[in-house]
Each structure stands twice: as C-alpha cells, then as structure tokens.
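Undergrad: I have a structure I would like to understand better, so I am pasting it below and will then ask my questions one at a time.
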Amino acid sequence: MKRFIQGAILASSIVASSVTALAQTDGGTLVYLAQPEPPTLASYVSTSGPIGLVAPKIYEGLFDYDNEGKMVPVLAKSVDVSADGKTVTFTLQEGVTWHDGTPFTSADVKFTVMEVLSKVHPRGPNSFREVESIDTPDDVTAVFNLKNPAPYMLRALSGYESPIVPKHLLEGTDIKSADLANNPVGTGPFKFTEWKKGQYIRLDKNEAYWKEGLPHVDRVVARFVPDASTRTAAMENGEVLYTGYNGIPNIDAVRLRDRDDIDVTTDGYSMINPMALLEFNTKEGPFTDPAVRRAISNAIDRQFMIDTIFFGYGKPATSALSSSFAATGLYQPMPNYPAKGDVEAAKKILDDAGYKPDGDGVRMKAILDVIPYGEDWRRAGEYLKQALGDIGIAIELRYEDVPTWLKRVYHNYDFVMNLNYFYQLPDPVLGVHRHYGTDQIRQGTHFVNSSRYSNPTLDALLDSGAKEPDAAKRAATYKEIQEILAADMPVVNLFEMQFLTVYNTKLKGVYGSAMGPYGSFAEGWLE
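Per this note's numbering, the sequence shown starts with residue 524, numbered consecutively.
Dropping the structure here:
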C-alpha cells in the first residue's frame, strides 16, 4: 500500500509539472458557467453541485486525483500508511497561508476532520468513520489514528469532497451558519472577491499561492444564466469558455461539438459515479409501501430516458450500486430494474398489493419534486409523470429554486417523491451508505437519508461491509445489501449518468483532474 501510494503520487507530480510547463502565457479572465447559482459557498456543509463548481477554486484538499485515479499531492505532499492500516500519516506542504495571511498548519487539518467534516458534512461521517483521533506532533504532520483500516478514506481527500477549512475562522462558531459560508477564506489558487447575486461570482488570483508560478489566469468568473438557450449562445459566441455537469443541455452539446472552436468531453467525472434516482418519503404519504416503490421502478423505461432526454449518455441502473463497482466484485444486478420498463408487471404489483384504480384509472396521487438543475431534469420529470400515469399514479410536478428545494427535502422532509441524483463515488462507503443507514437520517444535512429509511438488518450489513478486509466476504455482504434494497427500494435508481463538459478549445490545462468542473483551475491558461 505504501509503495503504491508513493509511486502514484510521484507519477502524478511529474504529469502535473509537465502540464504546467506547457503554459506560455499568464493573464486573462476565465469565464465559465455555474448552473444553477449556488445557495452558499459552504462546501464543508453541503455537497450541492453548484457549490462544487466554485468552492474548490478557493478551498483545497489534502490530495487531488487524475483521470486514472492516481493521487496528486495538494495540501499534503505525502502519505504513509502503517502495515496494519490503522495509522495514516500525512506530511503537509510548508509555507502555505490562508487567504487572510494566517499560516496553514496541521491544526487546521485536525479541526476540519474532527469538528467539521465528521459532524456536519453530508459524507464526512462515513469517509472518516474510523478516525478515532488525530495527532499533530508539529505544524506539518497530521497522524490519523483509526479504529479499523479504511482504505476508502484515501479516495475522499479532494478539495471538493473534503475541503480543509480555517480553524481560526470557524472554531467557536455555529459551523452551519458561520459567516464563512458567503465570505470564504481558503488556501487555493483563487481568492473570493465578489458575489453579485443572480449574475456572477468573481474570484481573483491568489498572489501568495504556495504553488510557484500558479495560477496562470488573473481571475475566474462563475456566471449564472438561468435560460438554457442563452447559456448555449454564450458558449457559441465565446462569452464563456467552459461548463460542466450538462450546463449546456445535451441537445445543444451534441450540435456544438461539431464546431472547430468548441469541444465536448465526458472526462473528469471518474471519481464520482453519478446516479440519477428517485427518493421516496418512507414515513408518510403514498409511497410508504415498498410494493408501490417496486411498481414504480418496474414501470420506468430507463433506456428511453437515456436515449430521448440525455441523447444516449448514460446506462440503465440495475441495482442500488453502480455497475462501475463490478471491477471490485461488489456489484450484482437485481430484479425490479427492467431497462425498458414493464408496465404490466408494475400494474400487477399494485393490483396484488390492493391498490385498485378508480373509474378514471387513478390509484393514487402525488407530487414529484424535480431537482432544479436545468431543462434536462424538467423533461425527465415530464416523462416520469407520463410513465407513472400509465400505471395509475397521477403526478403533479413541482420545480423550485435550489435553496427552497434543499430545505423542503432535507430540512423539512416536506415531500413524497423527489427526482435527484447522487454521487456513488469510488467506494460504496463514501457515496452509497448515506442513502440508507439509520445513522444517516440527519435532518438539515443535504444529500443523505432523506427517505428516513431504517432497517436494523441493513445497518449491520453496511457496518460489516465498511470494515471487511476480505474481498470475497465483502462482495457477499454487498450482495445481501443489494437484495434487501431491491425489495424495499427507498430509493429507485434510474440510470448511471454521463455528464458532459463543453469547452472552448482556447482554454487549456483544466482537464487533467478526475474532479473535472470541481477542480481548482489552478493550471488553466488561455491560448
């Protein structure tokens, strides 16, 4: 493990240095699209996608990852894992300062992990679940003491996933409501300058950045453009140079990729394993019966959604886990996931469960809350309304702004069915467990168990799967997990997503990170 990590870090350092050496000019402004506007910049509290488009330019993690998954040093220049896997020692960069001039030290790492990420971050409690304590023998050493080995933790150290935050500005505050949320202070290549609500966020070059010669551009500007056609026009005429996560609707992206000055890529998402899904309120409303949720899963033509709404980018879901986990033996295909849907099977499930249609063919009525991330999701909601109508479930669509939607779903539980997407990440412990564990019913925390699903048998299996070092035994555990979830279905997975990044070819140097649009843009430059 130690040799692998050190070799990967060295190889990635060489690649990063080579990319930087290509840049011949500095200066200019990198304007990109962030769609929609983020609710805050508190990436240590929320993993909301729009926050991720801005905050990692300000905050950094201990490591980044390249498109092959190799670890790239950031705030940590090396990591050493003990033979038993229970002691993980990070050696930190020297001479790093926060944007306000305060020195960055190991005390910031300890505070971030123990008091912030492990307590208020959506995924931190799982990522750092085994961390009992952190020792800081000096300013550039942080020693993580683990109860059990946690190799997955090393895949959760990017600036997007685990941003390191300033202890001197957060300690003693209410972290969820601290002023830092809208006036961020990080160690990253760009400093927060201005947020003009409804228009843009401006970040200026950090002249004291610890990486010599970086960043190259003078500033980055995240623009908010609600109208899809206007976003596309801005990309066509060169007003913006970059957008990810389908900020340009797929229908336009497949047309723009034929231009000489614009290109499209699916690179930069290898660490996130995104999954489109439906979340259900399992405690109240029409979807408390697992039979109804199974019927809904059977009714959906997943391939139609991919082909018609997302223009062929995606793969039908077949389980609670992404098929990407087949490489590690954890994934198993499950029943109730027909790729093209089976309406008759869905009707039979509802009939057998006693949900008979009335004279108008309606068995039940419900509101579907649609994730407010653009037109593709609106169209997906329209399709689901039609598909569920075919089995007697009359749907009304609700589409609100991001803060209202987040509050409704994760703070108030004021929903019955929610169209959403989650990142399953490189290991189920990091991205999947938060959906289903009883300990992940954390009101007010975004992108965790909003279904409030609770199953003691499943909880025990999740805990076992996180700790099991034997690959075969771990695979058997996750097969059981998937079997339970295929029957109970508090979440119905729809399809494994493929996001598109659309960019102007004059923009160089921002495509090497597996975090894609969630990267720092430190090495970006304009030809």
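Every residue gets a Cβ at the ideal spot worked out from N, C-alpha and C, and that includes glycine. Computed from a prediction, not measured in an experiment: that's the story for all the values here.
1. Quick one: Cα of glycine 592 to Cα of glycine 1035, how far?
2. Can you list, in chain order, the residues of its chain with a C-beta nearer than 7 Å to that of glutamate 1050? Leave out the 5 residues immediately preceding and following it.
3. Spell out the partners DSSP gives glycine 837 in its beta bridges.
4. Going by the DSSP bridge assignment, what does glutamate 919 pair with across the sheet?
5. Please state whether DSSP places tryptophan 900 in a helix, a strand or coil.
6. Take every Cβ of the segment 933-950, pair it with every Cβ of the segment 973-989, and state whether three or more of those distances are shorter than 8 Å.
7. Would you call the CB atoms of leucine 556 and arginine 746 closer than 7 Å?
8. Classify proline 856 as buried or exposed, calling it buried when 16 or more other Cβ atoms lie within 10 Å of its own Cβ.
9. Does DSSP classify asparagine 943 as helix, strand or coil?
10. Run the CB neighbour count on aspartate 899, radius 10 Å, all protein chains shown included, and call it buried at 16 or more, exposed below.
11. Out of Ala850, Ala869, Thr851, Phe848, state which residue places its alpha-carbon closest to the alpha-carbon of proline 858.
12. What residue does the beta strand (DSSP E) around threonine 610 start on, and which one ends it?
13. Smallest Cα separation from phenylalanine 803: which of Val1033, Pro674, Glu759, Leu891?
14. Do proline 880 and glycine 915 come within 7 Å of each other at the CB atom, strictly closer than that value?
15. Could you give the residue range of the alpha helix (DSSP H) that holds threonine 927?
16. Buried or exposed for alanine 1037, please, with buried defined as at least 16 other CB atoms from any protein chain shown within 10 angstroms of its CB.
17. Which complete beta strand (DSSP E) runs does the segment 697-762 hold, if anything under 3 residues is left out?
18. What did DSSP end up calling lysine 879 once you bin it into helix, strand or coil?
19. Going by DSSP, name the residue or residues bridged to threonine 664.
20. Since histidine 739 contacts glutamate 1046 with CB under 8 Å, what's their CB separation in whole angstroms?
21. Within a Cβ cutoff of 6 Å, which residues of the same chain sit near alanine 578, ignoring the five residues on either side of it in sequence?
22. Curious, which full-length beta strand (DSSP E) runs of at least 3 residues does the segment 627-691 contain?
23. What does a CB cutoff of less than 8 Å around asparagine 729 pick up in its chain, not counting 5 residues either side in sequence?
24. Please state the DSSP three-state secondary structure of lysine 870.
25. Would you verify that the beta carbon of leucine 984 is, or is not, closer than 7 Å to some beta carbon of chain C?
TA: Concretely, from the data shown:
1. Whole-angstrom Cα-Cα distance: 11 Å.
2. Listed in chain order, the non-local C-beta contacts of glutamate 1050 below 7 Å within the same chain comprise Lys1029, Lys1031, local neighbours out to five positions each way being set aside.
3. Listed as beta-bridge partners of glycine 837 by DSSP are Met1020.
4. DSSP, once it has assigned bridges, lists Ile890 as partnering glutamate 919.
5. Three-state DSSP puts tryptophan 900 in a helix.
6. Taking 8 Å as the limit for Cβ pairs, the verdict is that the segment 973-989 does touch the segment 933-950.
7. Cβ distance < 7 Å, so leucine 556 and arginine 746 count as in contact.
8. Counting Cβ neighbours within 10 Å, proline 856 comes out exposed, since fewer than 16 surround it.
9. Asparagine 943 falls in the strand class under three-state DSSP.
10. When all chains shown are included, aspartate 899 counts as buried.
11. Nearest C-alpha to proline 858: Ala869.
12. Per DSSP, the continuous beta strand (DSSP E) segment holding threonine 610 begins and ends at 610-615.
13. Closest by alpha carbon: Leu891.
14. In contact: glycine 915 and proline 880 (Cβ atoms closer than 7 Å).
15. Per DSSP, the unbroken alpha helix (DSSP H) holding threonine 927 starts and ends at 925-929.
16. Flag for alanine 1037 reads buried.
17. The qualifying runs are 713-719, 723-728, 742-746.
18. Secondary structure of lysine 879 (DSSP, three-state): coil.
19. Residue pairing from DSSP places threonine 664 in a beta bridge opposite Thr614, Asp661.
20. Their Cβ separation, rounded to whole angstroms, is 7 Å, which keeps histidine 739 and glutamate 1046 in contact under 8 Å.
21. Cβ within range, chain order: Leu564, Ser566.
22. Listed in chain order, the complete beta strand (DSSP E) runs (minimum 3 residues) inside the segment 627-691 are 654-661, 664-669.
23. Once the five neighbours on either side are set aside, the close Cβ partners of asparagine 729 are His622, Gly711, Pro712, Phe713, Lys714, Pro738.
24. Here DSSP, grouped into helix, strand and coil, assigns lysine 870 to helix.
25. You won't find chain C in this structure, because it holds only one protein chain.
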